Amino acid sequence: MANSSKNDNTQAVRADVLDESLGATSESDETFVSEGDYAKLEQENDNLHMTLRKMEEESSLLKALFNKTHTELQHLKKPSLLVADVVSIFEGGHAVIKLSNGNRFYSTVSMNINDLEIGDTVLVEQKTLNVVGKVAQNGGVDVEKYVIVEKPSTQWKEIGGLDDVVQEIKEVIELPMLKPELFVKLGINPPKGILLHGPPGTGKTMLAKAVAAATNATFIEVTGSELVQKFIGEGSKLVKEIFSLARARAPTILFIDEVDALASARLPMGTSGEREVNRTFMQLLAELDGFKSLGDVKIIAATNRKDILDPAIMRPGRFDRMIEIGLPNDEARREILKIHTKRMGKSKISIAKLASDTEGFSGAELKAVCTEAGYFAIRRDSDKVNMHDFEHAIEKVASREESDDEEHVIFG
Ligand code: ATP
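Residue 144 is where the sequence shown starts when you use the working numbering, and the numbers rise one by one after that.
Here it is, written out as structure tokens:
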């Protein structure tokens, strides 16, 4: 029977081999399995093979997971690194770094860092205080969001009564930007930056815009008080980024309004806020020092409070050219009034009389007088301003100024 089934079934297999693999006990060495059993075993074999593959996959996943947690563990065991700013760099892989508490150290810089610059933020080993890494340049701050970047169209002829100042700015900023070779030949260094000082509304911003327009430069405007108020802890970084933006967009006129908010000498350095302002100021000085005087970035700073400025900012090589922009005198007021009334519809008006009636007014106030006079004409339903409109306007602007002054007295 066994033999006949062997003959009948050409695909029969030796059962002892299968029994062995299945762990079955066989009474006879010559037992054979049917085709049905074979298919069952084959199915079982496939299942086992699949299970094996799954377990292998699982094993490699677990291995990867193990490696990841192991590496993470190793990282966590490492002591944290300190963050510091680079103050100066020396040959032979050394740098002076400054920690956030103000302490400075002369440290060794890892050989892997080869593009270190003053003002960079670096990672420092706690024990050795050696520099082992650099924090990415753009600390996530989109600097263009916080400064005004424009190509102004202000022309020199729109500025009245400041001929001497205009001439000086043309010589020290415009000419070196347009014809640097002239200065190279003569061997003179024009200033890197100028400081315009004087009362509010006297045309400081206008002058900076006009020089940018004349040199076809990008005009970047930043306000000192905003830098210190909005970017607590980030002011110095922002200064660095503003200067790199200025370099990237060169030729550039970088206008720093209210520079006294950054460069005030009277900060007692008691609070962390004051220390922060000081850090921002130090960064500004470092940036100025790193500039070439014949480069295509010029800095124009402006202040109404020259009296409180830290003398460090006026040292040679920084803002060593200071230009005073005072309130306009009678002749200057005439020129400013002429500029601002040029395009107005007007019946007979006396610019000379208006100039003498506006003693003590700034350029911005004279402009306000012209605008207000226009409104008085509109109220009269006229398209021409007359002397009465101007008289009312002068009164209005003067009383606005007085009430502003009173507020200053009350609120300091
Ligand atoms: P602040 O110190 O308050 O920033 P500022 O000195 O920068 O003031 P500007 O912003 O340049 O003054 O002037 C404000 C406006 O006043 C100008 O846009 C312009 O219309 C007018 N103005 C000021 N000075 C003059 C001037 N000398 N000639 C013509 N217009 C002037």
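All residues carry an ideal CB built from backbone N, CA and C; glycine is no exception. Because the structure is a prediction, the values reported are computed rather than measured.
Annotation: the continuous alpha helix (DSSP H) that includes S387 extends over G378 to A391.
The three-state secondary structure of D228, taken from DSSP, is strand.
Look at the stretch 395 to 473 and you find these whole runs of alpha helix (DSSP H), each 4 residues long or longer: 415 to 432.
For K510, the shortest C-beta to heavy atom distance toward the ligand ATP is below 7 Å. For G344, the distance from the CB to the nearest heavy atom of the ligand ATP is below 7 Å.
For A357, the closest C-alpha among the options V327, G488, L242 and P319 is that of P319.
In the DSSP assignment, I302 falls outside any beta strand (DSSP E) and carries neither an H nor an E. Counting along the chain, the unbroken alpha helix (DSSP H) around I494 starts and ends at I494 to D500. The C-alpha of A520 lies about 39 Å from the C-alpha of I396.
The three-state reading of DSSP puts F233 in strand, counting E and B together. Counting along the chain, the unbroken beta strand (DSSP E) around R247 starts and ends at R247 to T251. Its Cα nearest to that of R476, the residue G304 stands out among P333, F533 and G304. The continuous beta strand (DSSP E) containing G336 extends over residues G336 to H340. Annotation for E215: the continuous alpha helix (DSSP H) segment containing it runs E178 to K220. The Cβ atoms of L405 and F424 sit closer than 8 Å to each other. When distances are taken from the beta-carbon of K347 to the heavy atoms of the ligand ATP, the shortest one is below 7 Å.
With a 10 Å radius around the Cβ and a threshold of 16 neighbouring Cβ atoms, H218 comes out exposed. F504 carries a coil assignment under DSSP once its states are collapsed to helix, strand and coil. With fewer than 16 other beta carbons inside 10 angstroms of its own, R486 counts as exposed. With at least 16 other beta carbons inside 10 angstroms of its own, D263 counts as buried.
With a cutoff of 8 Å on beta-carbon distance, L225 and V267 are scored as near each other. For L242, the closest alpha carbon among the candidates A393, Y249, A227 and G236 is that of A227.
Beta bridge pairing from DSSP links T366 with D400.
Take the alpha-carbon of K491 and the one of F434: they are about 53 Å apart. Taking non-hydrogen atoms of the ligand ATP into account, the C-beta of E301 is found less than 7 Å away from one of them.
Fewer than three pairs of CB atoms, one per stretch, sit closer than 8 Å, so the stretch 361 to 368 makes no contact with the stretch 330 to 337.
Distances between the C-beta of N447 and the heavy atoms of the ligand ATP include at least one below 7 Å. Annotation for L470 indicates a beta carbon at 7 Å or more from all heavy atoms of the ligand ATP. Among the bridge pairs identified by DSSP, K489 is matched with V528. L272 sits in coil when the DSSP states are folded into three classes, being neither helix nor strand. Contact annotation: I399 and I442 have beta-carbon atoms nearer than 8 Å.
For the pair L381 and V286, the CB atoms are nearer than the 8 Å cut-off.
For I482, the shortest C-beta to heavy atom distance toward the ligand ATP is below 7 Å. D453 has its CB no nearer than 7 Å to any heavy atom of the ligand ATP.
Counted as a single uninterrupted DSSP element, the alpha helix (DSSP H) harbouring V327 occupies residues P323 to L329. G469 and V512 have their C-alpha atoms some 19 Å from each other.
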